[in-house]
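J.: Provided herewith is a single structure, encoded as structure tokens, for subsequent inquiry.
Number of protein chains: 2
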Amino acid sequence: MQPEQSPARPVGRGAKVRAAVHAATLAELVDKGYAALTVENVAQRAGVHKTTVYRRWKDRETLLADALAEHMAADIPVPDTGAVEDDLRALARSIVQTFTSPSGRAVLAAMFTGAAHLPEIAAARRRVFADRLARAEPVVTRAVERGELPRGVDPAEVLKTLAAPIYLRLLVTADPVDETTADHAVRVTLAAARAGAL
Amino acid sequence: MQPEQSPARPVGRGAKVRAAVHAATLAELVDKGYAALTVENVAQRAGVHKTTVYRRWKDRETLLADALAEHMAADIPVPDTGAVEDDLRALARSIVQTFTSPSGRAVLAAMFTGAAHLPEIAAARRRVFADRLARAEPVVTRAVERGELPRGVDPAEVLKTLAAPIYLRLLVTADPVDETTADHAVRVTLAAARAGAL
DNA sequence: TCGTATCGCAACTTCAAGTTGCGATACGAT
DNA sequence: ATCGTATCGCAACTTGAAGTTGCGATACGA
Chain H
1 MQPEQSPARP
11 VGRGAKVRAA
21 VHAATLAELV
31 DKGYAALTVE
41 NVAQRAGVHK
51 TTVYRRWKDR
61 ETLLADALAE
71 HMAADIPVPD
81 TGAVEDDLRA
91 LARSIVQTFT
101 SPSGRAVLAA
111 MFTGAAHLPE
121 IAAARRRVFA
131 DRLARAEPVV
141 TRAVERGELP
151 RGVDPAEVLK
161 TLAAPIYLRL
171 LVTADPVDET
181 TADHAVRVTL
191 AAARAGAL
Chain U
1 MQPEQSPARP
11 VGRGAKVRAA
21 VHAATLAELV
31 DKGYAALTVE
41 NVAQRAGVHK
51 TTVYRRWKDR
61 ETLLADALAE
71 HMAADIPVPD
81 TGAVEDDLRA
91 LARSIVQTFT
101 SPSGRAVLAA
111 MFTGAAHLPE
121 IAAARRRVFA
131 DRLARAEPVV
141 TRAVERGELP
151 RGVDPAEVLK
161 TLAAPIYLRL
171 LVTADPVDET
181 TADHAVRVTL
191 AAARAGAL
């Protein structure tokens, strides 16, 4: 953890406040949900006054977008087992695990439903997804090089096909999501890719 | 001529008020979006007073859930062309068309993002999806009977696989959604089904 | 130690949600 | 045609959170 020195004005205690408010925002999100998230409660939980929050963030939406973006910035390791099936399974299960923990549920609800209409949140959501997609593409290109998948498959399409059924259950049908869901997505994706449909 | 006397109190003008408020709610949704939807504006657009709305609906959420549920209750024709590929294409395109019109966008945003955290909305959303799924299952069973798809495929899984990539684009990636998306979903779904992955 | 940026605090405005009481009106039935 | 009742319009109200402002207090860096 390096204390950020880049701004011409080293903030001082500001960094701690920022971190505390971020943590409090996510905690309130988990406990109360997006609709019931008030700046006053967040400030109180962070041990900070309401005005301090408003001095750092324009409004409640900006605060939430900022906290979520920072939370989702965590790097996810890209698997490289030497077998597509295992790599894809690892990717699919990581999606499942990201969103099935209690806090994951809350983050999912905030990013994809509760606050999805906010431009900042929508942009952050697209950015996070696109980033993870781009970083996982080597899984597919390596599989092609190994001859496990036909040449000409679109890595992005493969990964979207992998993710789609999981998000459908999370966001639309509300069916239970577990490893079975991930494994099923892998089977379907591989079948489609090998049939030349991707 | 009397349609129903079962309620001891035939409401009278109430039906018209109800319809007007429903229409106004959807119109406000399209114009302003969920976040900016106020009961006062809805009432004014419906030519009705605020208190009248609150006498019929417990709160804003209930009103919205009611209006959306009624709006989504419209029956969608189940295709039966004699060829799976054509049937599935018709289904996929109907999903696309439902949510790409201006009003469709607004309804999508309200049902899946803006108001998704409300129990009434979430329940309505699951119910609508499950209903459409169940009514479309004959498309798959007929295809199996014709020998177009292998025995043992799960109709529900086939239809979910068809819908998943469309919803992924609508709700997650925000990529453009058009007939191409629908046709691509058909190709992937058929490939997976014929490979025995569904 | 001293200056400055940041924070705490309280009081304030604004806005929409939701409520209440009462008078007005339209409907259904006699 | 009239009469009783349920529904509606209206205005005034409470509540709660968003967001703002001014000032005094405090912690940090030099």
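Protein chains in written order, with my numbering: chain H, 1 to 198; chain U, 1 to 198.
Glycine included, every Cβ here is placed at the ideal spot set by N, Cα and C.
1. Run through chain U and tell me which residues come within less than 8 angstroms of H/G33, C-beta to C-beta.
2. Please classify U/R135 as buried or exposed, where buried requires at least 16 other C-beta atoms within 10 Å of its C-beta.
3. So, does the CB of U/R126 fall closer than 8 angstroms to a CB anywhere in chain H?
4. I think H/A164 touches U/A164, with their Cβ atoms under 8 angstroms apart; what is that distance to the nearest whole Å?
5. Suppose you measure from the CA of U/L118 to the CA of H/V172; what does that come to, to the nearest Å?
6. Name, going along the chain, the residues of the region 159-171 of chain H whose beta-carbon falls closer than 9 angstroms to a beta-carbon of chain U.
7. With a 10 Å radius around its C-beta and 16 neighbouring C-beta atoms as the bar for buried, classify H/P77 as buried or exposed.
8. Does U/E179 come within less than 8 angstroms of chain H when only Cβ atoms are used?
9. Could you name the residues of chain U that H/A195 contacts, counting a contact when the two beta carbons are closer than 8 angstroms?
10. Do three or more CB pairs link the region 174-191 of chain H to the region 79-92 of chain H at distances below 8 angstroms?
11. To the nearest angstrom, how far is it from the Cα of U/A197 to the Cα of H/A191?
12. In whole angstroms, what is the alpha-carbon distance linking H/R151 and H/V144?
13. Under 7 angstroms Cβ to Cβ from U/V30, same chain only, skipping five residues before and after it: list those, please.
14. Do you know offhand how far H/E40's Cα is from U/W57's?
15. Mind listing the chain U neighbours of H/R132? Cutoff is C-beta to C-beta under 9 angstroms, in chain order.
16. Pick helix, strand or coil for H/K58, following the three-state DSSP scheme.
17. Residues in the region 81-100 of chain U with C-beta within 9 angstroms of chain H's C-beta atoms, listed in sequence order?
18. Do you know how far the Cα of U/R45 is from the Cα of U/G82?
19. Between which two residues does the alpha helix (DSSP H) containing U/G104 stretch?
20. Identify the continuous alpha helix (DSSP H) that holds H/A238 and give its terminal residues.
T.: Considering the structure as presented:
1. Translated into the one-based positions of the first sequence, residue 33 of chain H becomes position 33. H117, listed in chain order.
2. As a working mapping, residue 135 of chain U is identified with position 135 in the second sequence. With fewer than 16 neighbouring CB atoms inside 10 Å of its own CB, U/R135 falls in the exposed class.
3. Taking the second sequence and counting its residues from 1, one reaches residue 126 of chain U at position 126. Judged by the 8 angstroms Cβ criterion, U/R126 is in contact with chain H.
4. Translated into the one-based positions of the first sequence, residue 164 of chain H becomes position 164. Translated into the one-based positions of the second sequence, residue 164 of chain U becomes position 164. Contact holds; Cβ gap of about 4 angstroms.
5. Position 118 of the second sequence holds residue 118 of chain U. Position 172 of the first sequence holds residue 172 of chain H. The alpha-carbon atoms of U/L118 and H/V172 are separated by roughly 14 angstroms.
6. The region 159-171 of chain H vs chain U, Cβ under 9 angstroms: K160, T161, A163, A164, P165, I166, Y167, L168, R169, L171.
7. Here the question's residue 77 of chain H lines up with position 77 in the first sequence. The residue in question, H/P77, is exposed, as its Cβ has fewer than 16 Cβ neighbours within 10 Å.
8. Position 179 of the second sequence, counted from the start, is the residue given in the question as residue 179 of chain U. Among the CB atoms of chain H, none fall inside 8 angstroms of the CB of U/E179.
9. On the first sequence, residue 195 of chain H is found 195 positions in, with the first residue counted as 1. Below the 8 angstroms Cβ cutoff, chain U contributes A191, A192, R194, A195 as neighbours of H/A195, in chain order.
10. Contact between the region 174-191 of chain H and the region 79-92 of chain H is present, because at least three Cβ pairs lie under 8 angstroms.
11. Along the second sequence, read from residue 1 onward, the residue named residue 197 of chain U stands at position 197. Along the first sequence, read from residue 1 onward, the residue named residue 191 of chain H stands at position 191. The C-alpha of U/A197 lies about 7 angstroms from the C-alpha of H/A191.
12. The residue given as residue 151 of chain H occupies position 151 in the first sequence. The residue given as residue 144 of chain H occupies position 144 in the first sequence. The C-alpha of H/V144 is placed about 6 angstroms away from the C-alpha of H/R151.
13. Mapped onto the second sequence, residue 30 of chain U falls at position 30. Taken in chain order, the residues that qualify are P102, S103, A106.
14. If you number the first sequence from 1, residue 40 of chain H lands on position 40. If you number the second sequence from 1, residue 57 of chain U lands on position 57. Approximately 30 angstroms between the Cα atoms of the pair.
15. What you label residue 132 of chain H is simply residue 132 of the first sequence in a count that begins at 1. What H/R132 touches in chain U: nothing, since even the nearest Cβ is about 11 angstroms away.
16. Working through the first sequence from its first residue, we reach residue 58 of chain H at position 58. H/K58: coil per DSSP, three-state reduction.
17. Taking 9 angstroms as the cut-off between beta carbons, none of the residues of the region 81-100 of chain U comes near chain H.
18. Residue numbering aside, residue 82 of chain U sits at position 82 when the second sequence is read from its first letter. Residue numbering aside, residue 45 of chain U sits at position 45 when the second sequence is read from its first letter. Those two C-alpha atoms are separated by around 46 angstroms.
19. On the second sequence, position 104 is the one that residue 104 of chain U refers to. In this chain, the alpha helix (DSSP H) harbouring U/G104 covers 102-108.
20. With chain H covering 1 to 198 only, the question about residue 238 of chain H has no answer from this structure.
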